[in-house]
Structures are given as C-alpha cells and as structure tokens.
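Take a look at the structure set out below.
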Amino acid sequence: MSIEIRQDRFHIAAPQPGPRRPATLIRAAQAGQGRWRRDRDLARLLGLDQAPDRAAGLAALRRAEWRQEAARRARAPDYDPHRHVLLMIALLAELQAGQDASGPAQGTGPGPALRLVARPVPPNARGTCPPAPRA
C-alpha cells in the first residue's frame, strides 16, 4: 500500500508580518522607558565610547535584539533576559525619538521593520482577573 500526499490539499498559512515578541517582554520594556537616558545608556549597551547617531544606533540595536531573540527562541544557554529587556527599552526609545523628530520611523537594519504589539494575556487559566487588593 502506498500513500500519496497531494500538496494542493493542504492550506499553508502566510507567515505573520514582522517579528513577534512575548507580551511580558514588551510590557517590561514599556515600563522601563521612564529611566532611559540615551546619552548615558546607549553607548554602554552597545559597548561603544559614545552614543552613535540615530540611524546607526537603531541599526545596531536591531541587530543586537535579533541576536537575543534568536538565542531566546533556541533556548541557548547564553541568552540574557536582562539584556534583552534593555535592548527593547532602547529600541522603543529610539523609535519614539525618531517619530518625534521626523514623523514615522523608517525600517533600517536586518529583517522587517519592528512593530511592537502587546496582546493582553489572561492572568489565570480561567481567563478572569485576580481580585483587587484590599485596602
């Protein structure tokens, strides 16, 4: 007996546009925006003597974040979640600064333009919210 698989019988969904990141990672990066200082933090994060211009900084941040994301997905032992959050904080800040300065940020660096969307995740298995803390 032989089995024939017909390719036209299977529907292959188109890949999702852009990279997907865990909502927890995005929320942590959004929470860290208040303490981000470009002149202080960007050079240190990228291992440079001084902060690069916006385009070069954004490209370097995207490369570094893609490496961290690849390590996270591969469950590599050298994955550093703290550094990943710092890179996401920097990316959000640079993208916001670029939008404030010249309208929507243009995609630079490897891969598709970074689009950050945090989707709400139910807090527990039943999909209900935990009770409010008592005063």
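Numbering (my numbering), first residue to last: 15 to 149. Here a beta-carbon is modelled for each residue, glycine too, at the ideal position from N, C-alpha and C. Since the structure is predicted, the reported quantities are computational estimates derived from the model, not experimental observations.
Under 7 Å: does the beta carbon of residue i sit that close to some heavy atom of the ligand COA?
| i | result |
| --- | --- |
| Leu56 | Inclusion of the ligand COA in the displayed structure is not the case, the ligand content being empty and no account of it being possible. |
Rounded to whole angstroms, what's the CA-CA distance from residue i to residue j? Just pull it up for me.
| i | j | result |
| --- | --- | --- |
| Arg41 | Gly61 | 25 Å |
| Glu83 | Arg76 | 10 Å |
| Gly46 | Ile103 | 6 Å |
| Thr87 | Arg51 | Here residue 87 is Arg; the residue named in the question, Thr, does not match the sequence. Distance between the alpha carbons of Arg87 and Arg51: 29 Å. |
| Arg54 | Arg34 | 28 Å |
| Ala74 | Thr38 | 23 Å |
| Glu79 | Asp114 | 22 Å |
| Asp63 | Ala69 | 17 Å |
| Asp67 | Ala90 | 31 Å |
Between residue i and residue j, how many whole angstroms is the CB-CB distance? I'm expecting something under 8 Å.
| i | j | result |
| --- | --- | --- |
| Val99 | Ala65 | Contact doesn't hold; Cβ gap of about 19 Å is too wide. |
In its own chain, which residues sit with a C-beta less than 8 Å from the C-beta of residue i, not counting the 5 before and 5 after it?
| i | result |
| --- | --- |
| Asp92 | Ala85 |
According to the Cβ coordinates, are residue i and residue j closer than 8 Å?
| i | j | result |
| --- | --- | --- |
| Leu101 | Leu59 | yes |
CB-CB under 7 Å to residue i, same chain, minus the five flanking residues each way: which ones, in chain order?
| i | result |
| --- | --- |
| Arg97 | Gln82 |
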